[in-house]
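Letter 160 of the sequence shown, counting from 1, is numbered 153 in the working numbering, and no numbers are missing. C-beta atoms are modelled at their ideal positions from N, C-alpha and C, and glycine is treated no differently. Values in this document were obtained by computation on a predicted structure and should not be read as measured data.
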Amino acid sequence: MNKVSIAGFLLAFVLFSGCVKISDQNTQIESIAIGANHVVAIFNNGEILAWGDNAKGQCDIPEKAKNTIAVASCFYHTLALQSNGTVIAWGDNSFGQCDVPSDLNNVSAIAAGYEHSAALRNDGTVVAWGNNEYGQCDIPENLPYAVAIAAGAGHTSVLTEKGEVITWGYYAEEDFLPPEDIKPIKSIASFGNHIIVIQNDNTVIGWGRPEMSEIISNEELSEVISITTGYGLSIALEKDGRLGILGGNHFKLAEYARQLEDITYVAAGFFVAGAVKNDGTLIIWGKDVDRFSNPVIDKLVLFEGSE
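Here it is, written out as structure tokens:
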């Protein structure tokens, strides 16, 4: 592996040309999810690949996981949404978070929490399963029509068609109530004990655990199309393919993200972030990125950050 020091980062290009273990080698990565110590990638042919720590079986992709359109992972389990609206789960199942309800179908979105899973159906209803210690799987009665879903450490949140966020499970009232001056919302993300949202005017706000939900600045954001949040960083993906930094700079996460261009997808994990470029290149940066250095994909760039 060749390593070159550039602008305070450790740059590592890892090329595994000819070693792609998918049925069509003329494919490229479209999106990713990052767990505690593993990465899951979706290729543009619907196949998926996982690598990194496999202590809980989180990289053992089931044979039936085909035609995948979305993946979600938070800690040690992964969810995959199939094009037919069904969900497949694997990895740590200590609390039943991988026991997908047998009648679950017509799913449009998925979310992976710490020890629970959640799915949004096409009819706006929500289903959740796994650890229910804090009521995170108890769907509120008369829950309004939901258009997006997110999950964290012991809580589940939805975005309603009216642009409101509703959260249930483990949370402190004063921390998890949206700000009083909040505007209509168009996108939501959650991780741990905090929530980040995009308002209709493209400003981004957060609430929950103070040190994780603080938004540093919205001043340079243009048209935001998606957001992601993890432990140590929150990022906005803008329409022009650049990344807007919302909060956090542990291990130079924010510093490096500002240098990236032509990004089509972004995800965050524990002091680490990943981005997919429009040519299919996957970039992972942050803390201890060598743990992600052995995927059988043909384009990977790793940047090791420092405190």
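- The Cβ atoms of G273 and Y224 do not sit closer than 8 Å to each other.
- In this structure, the beta-carbon distance from N60 to Q90 does not fall below 8 Å.
- For E248, the secondary structure class from DSSP, reduced to helix, strand or coil, is helix.
- Runs of the alpha helix (DSSP H) lying entirely within the region 124 to 202, each at least 4 residues long, are 166 to 169 in chain order.
- The three-state reading of DSSP puts R284 in helix, counting H, G and I together.
- Of the residues Y69, G78, V282, the one whose Cα lies closest to the Cα of A58 is G78.
- Annotation for V217: S180, I191, N195, V197, A229, L230, E231, K232, G237 place their beta carbon closer than 8 Å to its own, counting only its chain and skipping 5 residues before and after.
- K270 sits in a strand when the DSSP states are folded into three classes.
- For the options A141, N30, I103, the alpha carbon positioned closest to that of C52 is the one of N30.
- In this structure, the beta-carbon distance from E23 to V269 falls below 8 Å.
- For the pair P55 and Y69, the Cα-to-Cα distance works out to about 15 Å.
- Boundaries of the beta strand (DSSP E) around I218: 217 to 222.
- K155 places its beta carbon 8 Å or farther from that of P133.
- Separation of R284 and V32 (C-alpha to C-alpha, rounded to the nearest whole angstrom) is 10 Å.
- Contact between I256 and G234 holds, with the beta-carbon distance rounding to 5 Å and staying under 8 Å.
- By the 16-neighbour rule on beta-carbons within 10 angstroms, Q252 is exposed.
- Excluding residues up to 5 positions away in sequence, A63, L74, A112, L113, A141, I142 lie with their Cβ nearer than 8 Å to the Cβ of A102 in the same chain.
- In this structure K49 does not touch G106 by the C-beta definition: roughly 15 Å separates them, more than the 8 Å allowed.
- Under the three-state reduction of DSSP, R114 is assigned to strand.
- For D131, the closest alpha carbon among the candidates A104, E157, G162 is that of G162.
- The three-state reading of DSSP puts A58 in coil, since its state is none of H, G, I, E or B.
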